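Report on the structure given below.
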Amino acid sequence: MKRLILIAITAASVSLFGCQNINGQSKTSTSQPKRKIVKTETEWKKQLSPTAYEIMVERGTEAPFKNAYY
């Protein structure tokens, strides 16, 4: 019985100390919020490849089995 209590206390302490942030700060960022980038469609077309433009701006998808990673 004492061994079971010891194991339970050890497991509880490990889980409590393991969940703490090392720096003592919360993980939520208090820095400035992200800015939304506003560009016209022609600016995006100049900056992106045709495939990237279709996927990112027009919300298209890549053709299956036709990418560099297949």
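Just so you know, we're using this note's numbering here: the sequence shown kicks off at 1 and counts up by one.
Yeah, the Cβ is synthetic: ideal placement off N, Cα and C, and Gly gets one too.
From a predicted model like this one, the values you see are computed outputs, not experimental measurements.
Selection from the options that minimises the alpha carbon distance to residue i
i   : options          : result
V57 : I7, E41, C19, A8 : E41
A68 : T51, G60, R59    : T51
query = Enumerated in chain order, which unbroken segments of the alpha helix (DSSP H) with a length of 4 residues or greater are wholly contained in the region 9-65?
reply = 41-47, 50-56
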